[in-house]
Amino acid sequence: EFEGGKRMRIAETGTAQLEEHVDSLIVVLNERLFAVMGDDAEMEKCFQCADDVLHNAVAGIAEIINVEGLVNVDFEDVKTVMGEQGKAMMGTAMVSGIDRARLAAEQAIASPLLEGVDLSGARGVLVNITASRTLRLAETREVMNAIKHYAANDATVILGA
Numbered sequence: 001e002f003e004g005g006k007r008m009r010i011a012e013t014g015t016a017q018l019e020e021h022v023d024s025l026i027v028v029l030n031e032r033l034f035a036v037m038g039d040d041a042e043m044e045k046c047f048q049c050a051d052d053v054l055h056n057a058v059a060g061i062a063e064i065i066n067v068e069g070l071v072n073v074d075f076e077d078v079k080t081v082m083g084e085q086g087k088a089m090m091g092t093a094m095v096s097g098i099d100r101a102r103l104a105a106e107q108a109i110a111s112p113l114l115e116g117v118d119l120s121g122a123r124g125v126l127v128n129i130t131a132s133r134t135l136r137l138a139e140t141r142e143v144m145n146a147i148k149h150y151a152a153n154d155a156t157v158i159l160g161a
């Protein structure tokens, strides 16, 4: 709708062609910018928001690889997950208090700019949990169960924490 049906078909064709040549592809729809930012938002801020999604995805992957954690993820892990050809998404969330783990997982999955991306049947999932030292093992299990609910049964699921 943003630029009309013809431009949307061109974009969809281009996206389909790109998918054939890349391991993973993140798509941010202009239409989602309106829903997330609101009709009164300045155009520059809307497009900066879309740029931020892509920047955060790249920075997040770099951080996962370079920052040592309790459960380390290395470049080969990222390569394994990102090598599962198809659309990619990256969601983040920050939650505290009761039920924080499950809520964080659900909010990360429901990233508003990526709404409409169907995660069901995902073949590769990389989960990175950054939390306080009080994170319980049961909370990690809650996160993984919430995430795995969307993935294919035979998906490669890698945890970093």
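Using the UniProt record's numbering, read the sequence shown as starting at 1 and increasing by one per residue.
All C-beta atoms in this analysis are idealised placements derived from N, C-alpha and C, irrespective of residue type, glycine included.
Here the structure is a predicted model, which means the values were calculated and not measured.
Take residue 151 and list the residues in its own chain whose beta-carbon comes closer than 7 Å to its own, dropping the five residues that flank it on each side.
-> 122, 125 and 157
Does the region 47-58 come close enough to the region 71-82 that 3 or more CB-CB pairs lie under 8 Å?
-> no
Quick one: grab the DSSP three-state call for residue 154.
-> strand
Hey, could you find the ends of the alpha helix (DSSP H) residue 41 is sitting in?
-> No alpha helix (DSSP H) holds residue 41; DSSP gives it neither H nor E.
Given a threshold of 16 other Cβ atoms within 10 Å of its Cβ, counted over all protein chains shown, does residue 43 qualify as buried or as exposed?
-> exposed
Return the CA-CA distance between residue 97 and residue 40, expressed in angstroms with no decimal places.
-> 33 Å
Residue 58 and residue 105 closer than 8 Å at C-beta = no
Nearest-angstrom Cα separation, counted from residue 85 out to residue 20 | 8 Å
Between the C-alpha atoms of residue 101 and residue 6, what's the straight-line distance to the nearest angstrom?
-> 43 Å
With distances taken Cα to Cα, identify the nearest neighbour of residue 111 among 4, 161 and 49.
-> 49
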